[in-house]
């Protein structure tokens, strides 16, 4: 019989019934400001996956609906250019209780 690595010894001692199973909760329950910006909660939840292979890649994130309202000029910027040089793109103050998307077209 092959020796068992020490890290597996502890795993073998734990039975599945020793762990409480919790149902998933919406992220806005922990951080309600995610509900203020369209699609923010969905984007954040896709990044915050336990298993790395289930996480949204940066490239796929660029196609997420969260970014759909950005002016088309943003996508034409050269690498390392600030998106804040594009007219209409600005940060929204967190103190504002606006429930509108911070980068929506007006």
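Numbering (the working numbering), first residue to last: -19 to 86.
Ideal Cβ positions, reconstructed from N, Cα and C, are used throughout, including at glycine.
Given the structure is predicted, the values throughout are model-derived calculations rather than measurements.
> Out of curiosity, what's the CA-to-CA distance linking residue 22 and residue 35?
Replying inline: Rounded to whole angstroms, residue 22 to residue 35 spans 12 Å at the Cα level.
What number of angstroms, rounded off, separates the C-alpha of residue 80 from the C-alpha of residue 51?
-> Its pLDDT being 49, under 50, residue 80 is placed unreliably by the model, and nothing is read from it.
8 Å Cβ shell around residue 67 - same chain, five flanking residues per side excluded
Only 51, 53 meet the Cβ criterion.
Q. Could you give the distance in angstroms between the alpha-carbon of residue 74 and the alpha-carbon of residue 16?
A. Between residue 74 and residue 16, the C-alpha separation is close to 10 Å.
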